[in-house]
Amino acid sequence: MPELPEVETIRRALRDGTGEFPGILGWEIESVALLWPRTLAKPTPTEFRARLPGQQVLDIWRRGKFLIVTLTAGYLLFHLRMSGDLVLCRSQETVSSYCRLWIEFRERWRLCFNDTRKFGRVWLVTDAQEVLSTLGPEPLGESFTTQKLYEGLQSHHRQLKSLLMDQTFLAGLGNIYSDEALNLAHLHPLTLSHHVTLHQAEHLWRAIRSVLQEGIRRNGASIDWVYRGGDFQNHLRVYKRYGLPCRECGTPIQRIRVSQRYAHFCPRCQPLRSET
DNA sequence: CACGAGACCTGTTCGC
DNA sequence: TGCGAACAGGTCTCGT
C-alpha cells in the first residue's frame, strides 16, 4: 500500500472511522499479540506486552510514511513498508494469516497489522522523535517551500528520482508518486539535482504537492489485492504505463532501471538535458 | 558523497 | 501443465 497518500488514507479512517468501521480515538487497549516477532523494532516483546494494556488512544497522526498513535504514555509507530496494512475487525473474527501483530481494545474491536512480506515495522517509544528525527521536510507542510526545495536540490549532486525518494531529503514520496511528480513537472528522472533551475524547482514543488493531494483526495492507490476503495491507480500519468501513450503528447511511456527498480517517464515531455 | 548490489519476505505473473 | 525467473508501493547495510 504505502506512500504518503495511502498512509494518510489509513490514518483518517482510523481516526474518524468510515461507514463500516468506527474511529478508535479514546479507546483503551486491553491486550496485544505479536505473531511475527521481527515486526517489533523497538522494545522487547516482553516489555511491549507489559506496557500497552490500559493505555488510551489520544491521537493518530502521520509523518512521511509513518503512522503514529499517541497513547497515554508513549507513542506507537507503524511503518508499512511494501505490503503492510492496518485493519480493524471485531474481536470474535479470526485474524488474517498475514497478521503479524494485533491490538485488542476494550471496545471489542481489534486493530490488525497485516503484512504479507514481513518488511513492516512497529515501535513503542517514549519520544516519537527517536524514530522520526532523520526524516526530511513534510511535503504538504508549510515549511516546505519552493526555496527550500531549490536549496536542497542545489546541495546535492544526485539523480532527481533517487533524491526525491530519499526520506531524509523529503518524507513521503515512493516509486509511484516520484514518477508522477517528475512527469507533471516535465523533468527527466535522471536529471542531476544541481542542474535544476529555480523556475524548474517551482514547477517540481507544485507537482509534488499536486500529485500527493490528488492521491489523498482519491483515497490512495489500490494496486493488486490490497483494496481500500482508493482509485488513484486509475489516474496515473506514467507509473506502470510502460508502452502506453503519454496522456499529454501520445508518445509511448518509457521505463528505465534506476537502482533495482523502474522509473517511468515520457521521453518527449521529460527530455534529459544532454550536458549532464 | 553518490550509487549499485544484496538482504529482508511472500505472492503473483510471465516466458519457455 | 510445470517451473523458474522476474517483479511488487521500502529501507538498511556494505563495498566501490
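Those letters in the first sequence? Residues 262 to 537, per this note's numbering, in order. All C-beta atoms in this analysis are idealised placements derived from N, C-alpha and C, irrespective of residue type, glycine included.
Burial state of residue i, where buried means 16 or more other Cβ atoms lie within 10 Å
i: S439; result: buried
i: T537; result: Confidence in T537 is poor, its pLDDT being 47 and thus under 50, which makes the residue's placement too unreliable to answer from.
i: A334; result: exposed
i: E441; result: buried
i: S476; result: The amino acid occupying residue 476 in the given sequence is Gly; Ser does not appear at that position. Buried: at least 16 other Cβ atoms inside 10 Å.
i: R369; result: exposed
i: G381; result: buried
i: R299; result: exposed
Residue i vs residue j beta-carbon contact at 8 angstroms
i: G345; j: G433; result: no
i: V293; j: E365; result: yes
i: L372; j: P398; result: no
i: L328; j: Q316; result: no
i: V268; j: R323; result: yes
i: V519; j: S394; result: no
i: H418; j: H449; result: no
i: N375; j: V392; result: no
i: L295; j: P306; result: yes
i: N222; j: T270; result: Only positions 262 to 537 of the chain appear in the structure, and residue 222 is not among them; the question remains open.
i: I514; j: G504; result: yes
i: V383; j: L313; result: no
i: L362; j: L301; result: yes
i: L465; j: A446; result: yes
i: L396; j: Q428; result: yes
i: R342; j: P263; result: yes
i: R367; j: E289; result: yes
i: G491; j: A482; result: yes
Among the options, nearest to residue i - alpha-carbon criterion
i: E509; options: R273, L533, I364, C527; result: C527
i: L451; options: Y523, T307, T387, F366; result: Y523
i: T512; options: G284, R367, N444; result: N444
i: R467; options: H340, V519, P532, L401; result: L401
i: S463; options: Q408, Y500, R367, R478; result: The amino acid at residue 463 is misidentified as Ser; the sequence shows Glu. It is Q408 whose Cα lies nearest to the Cα of E463.
i: R534; options: E281, Q420, R367, I437; result: Q420
i: R272; options: F309, R299, V318, L301; result: V318
i: K379; options: W370, C350, H340, R351; result: H340
i: C507; options: C530, D388, G491; result: C530
i: Y500; options: G280, A311, N436; result: N436
i: M426; options: D320, I469, L286; result: I469
i: D320; options: A389, F405, E281, R478; result: A389
Worksheet item: With contact counted as at least three CB pairs below 8 angstroms, one residue from each stretch, are the segment 349–363 and the segment 410–417 in contact?
Response: no
Worksheet item: Can you list, in chain order, the stretches of the alpha helix (DSSP H) that have 4 or more residues and sit fully within the segment 296–324?
Response: 306–312
Discussion item. What ranges does the beta strand (DSSP E) occupy inside the segment 330–400, keeping only unbroken runs of at least 3 residues that lie completely in it?
Written reply: 335–340, 345–351, 360–366, 370–376, 382–386
Fill in: Residue ranges of each alpha helix (DSSP H) within the segment 449–516, 4 or longer
459–478
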